[in-house]
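Engineer: As given, the protein sequences belong to chains X and C, one line each in that order.
Terminal number for the first sequence in this note's numbering: 134, no gaps in between.
Terminal number for the second sequence in this note's numbering: 222, no gaps in between.
Here it is, the structure, as structure tokens.
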Amino acid sequence: AQSVTQPDIHITVSEGASLELRCNYSYGATPYLFWYVQSPGQGLQLLLKYFSGDTLVQGIKGFEAEFKRSQSSFNLRKPSVHWSDAAEYFCAVGAKTGANNLFFGTGTRLTVIP
Amino acid sequence: ETGVTQSPTHLIKTRGQQVTLRCSSQSGHNTVSWYQQALGQGPQFIFQYYREEENGRGNFPPRFSGLQFPNYSSELNVNALELDDSALYLCASSLGASGRFADTQYFGPGTRLTVL
Numbered sequence: 021a022q023s024v025t026q027p028d029i030h031i032t033v034s035e036g037a038s039l040e041l042r043c044n045y046s047y048g049a050t051p052y053l054f055w056y057v058q059s060p061g062q063g064l065q066l067l068l069k070y071f072s073g074d075t076l077v078q079g080i081k082g083f084e085a086e087f088k089r090s091q092s093s094f095n096l097r098k099p100s101v102h103w104s105d106a107a108e109y110f111c112a113v114g115a116k117t118g119a120n121n122l123f124f125g126t127g128t129r130l131t132v133i134p
Numbered sequence: 107e108t109g110v111t112q113s114p115t116h117l118i119k120t121r122g123q124q125v126t127l128r129c130s131s132q133s134g135h136n137t138v139s140w141y142q143q144a145l146g147q148g149p150q151f152i153f154q155y156y157r158e159e160e161n162g163r164g165n166f167p168p169r170f171s172g173l174q175f176p177n178y179s180s181e182l183n184v185n186a187l188e189l190d191d192s193a194l195y196l197c198a199s200s201l202g203a204s205g206r207f208a209d210t211q212y213f214g215p216g217t218r219l220t221v222l
């Protein structure tokens with residue numbers, strides 16, 4: 021069965037600092053992986069996705085993520101955080117059989133301090 | 107903006123009541139999925155509809171049911187509400203046919219349901 025672990029419940033970074041949010045997944049084959057961001061009162065916005073090919077994926081808003089099969093990880097990074105990046109971030113894995121539903125982690129809340 | 111809308115924004119019900127939540131997908135999107143997001147948790151898959159038929163279901167009881175209409179709108183119905191049903195309910199639309207796992211899901215802003 022698919023599962024996603026986001027070990028960090030809450031992360032605080034200073035504006036301008038670099039960011040890395042961790043995501044580990046469990047899946048029987050090469051997964052489809054996603055990062056979504058959720059601002060208060062908003063739905064989920066897709067930041068980036070990995071299906072195959074280049075393991076370093078570029079997304080919107082300056083985010084990138086790297087798929088590491090050996091570590092079952094798909095960590096999200098940003099070189100310089102902006103105050104507007106404060107939000108909840110969710111990693112998700114896509115099922116390969118049946119419906120194309122997503123399995124989400126429990127999220128990491130990002131706080132950005134001036 | 108994703109082009110996916112949901113109504114109402116907020117809803118308060120009492121235990122045992124029934125509720126209907128609505129979603130309007132992007133035009134041309136044949137697939138709609140519904141998720142439940144409890145406070146402090148990630149979204150959990152409830153079910154998915156493709157061309158008006160249920161296409162997959164998560165670990166939710168039958169009192170959670172849905173409908174999808176030809177005009178790209180859909181409903182989530184919950185009967186016999188329980189306190190634990192209090193959550194944010196998200197719908198997501200995608201182009202995908204069954205098995206097209208690469209299709210991106212576009213999420214609406216959600217409906218916040220409170221059961222008292």
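Don't be surprised by glycine CBs; every beta carbon is placed ideally from N, CA and C.
As the structure is a prediction and not an experimental result, all values here were calculated from the model.
Do G122 of chain C and A186 of chain C count as a contact pair if the criterion is CB distance below 8 Å?
Structural biologist: yes
Engineer: Quick one: what does DSSP say L189 of chain C is sitting in, helix, strand or coil?
Structural biologist: DSSP, read as helix, strand or coil, puts L189 of chain C in helix.
Engineer: What's the C-alpha gap between P51 of chain X and G36 of chain X?
Structural biologist: 32 Å
Engineer: Please decide whether F166 of chain C counts as near chain X, where near means a Cβ-Cβ distance under 8 Å.
Structural biologist: no
Engineer: What are the uninterrupted segments assigned as beta strand (DSSP E) that are 3 or more residues long and contained completely in the stretch 60–125 of chain X, given in chain order?
Structural biologist: 64–70, 76–78, 84–88, 93–98, 107–114 and 122–124
Engineer: State yes or no: is the C-beta of A106 of chain X within less than 8 Å of the C-beta of L130 of chain X?
Structural biologist: yes
Engineer: Is it a yes or a no for the stretch 91–109 of chain X touching the stretch 36–47 of chain X, going by three-plus beta-carbon pairs under 8 Å?
Structural biologist: yes
Engineer: Going along the stretch 128–149 of chain C in order, which residues come within less than 7 Å of chain X, judged by CB to CB distance?
Structural biologist: Correct list: S139, Q147, G148 and P149.
Engineer: Closest by CA to S72 of chain X, which one among X:G82, X:F87 and X:G48?
Structural biologist: X:F87
Engineer: Alpha carbon to alpha carbon, how far is G164 of chain C from P176 of chain C?
Structural biologist: Computed Cα separation, rounded: 23 Å.
Engineer: May I ask which residues mark the beginning and end of the beta strand (DSSP E) holding R42 of chain X?
Structural biologist: No beta strand (DSSP E) contains R42 of chain X, which DSSP labels as neither H nor E.
Engineer: Taking G146 of chain C as the reference, give the member of X:Q65, X:L122 and X:Q26 with the closest Cα.
Structural biologist: X:Q26
Engineer: Cβ of L64 of chain X within 8 Å of Cβ of F213 of chain C?
Structural biologist: Yes, these two residues count as a Cβ contact at 8 Å.
Engineer: Closer than 8 Å, CB to CB, is L201 of chain C near chain X or not?
Structural biologist: no
Engineer: Tell me whether the beta-carbon of Y70 of chain X lies closer than 8 Å to the beta-carbon of A85 of chain X.
Structural biologist: yes
Engineer: Could you list which residues in chain X have their beta carbon closer than 9 Å to that of T210 of chain C, in chain order?
Structural biologist: F54, L66 and K69
Engineer: For G214 of chain C, does the three-state DSSP call read helix, strand or coil?
Structural biologist: In this structure, DSSP gives G214 of chain C a state outside helix and strand, which the three-state scheme calls coil.
Engineer: To the nearest angstrom, how far is the alpha carbon of K119 of chain C from that of V184 of chain C?
Structural biologist: 11 Å
Engineer: My assumption, with CB atoms under 8 Å, is that Q59 of chain C sits in contact with G109 of chain C. Please give the rounded CB distance.
Structural biologist: Given a span of 107 to 222 for chain C in the structure shown, any question on residue 59 of chain C remains unanswerable.
Engineer: Of all the options C:E188, C:V125 and C:L182, which has the alpha carbon lying nearest to the alpha carbon of E160 of chain C?
Structural biologist: Nearest C-alpha to E160 of chain C among C:E188, C:V125 and C:L182: C:L182.
Engineer: With a 10 Å radius around its C-beta and 16 neighbouring C-beta atoms as the bar for buried, classify P215 of chain C as buried or exposed.
Structural biologist: When all chains shown are included, P215 of chain C counts as buried.
Engineer: Among X:Q22, X:Q91, X:L68 and X:V101, which has the Cα closest to the Cα of P134 of chain X?
Structural biologist: Nearest C-alpha to P134 of chain X: X:V101.
Engineer: At 8 Å on the CB atoms, spell out the chain X contacts of P225 of chain C, in chain order.
Structural biologist: Here chain C covers residues 107 to 222 and nothing more, so residue 225 of chain C does not appear.
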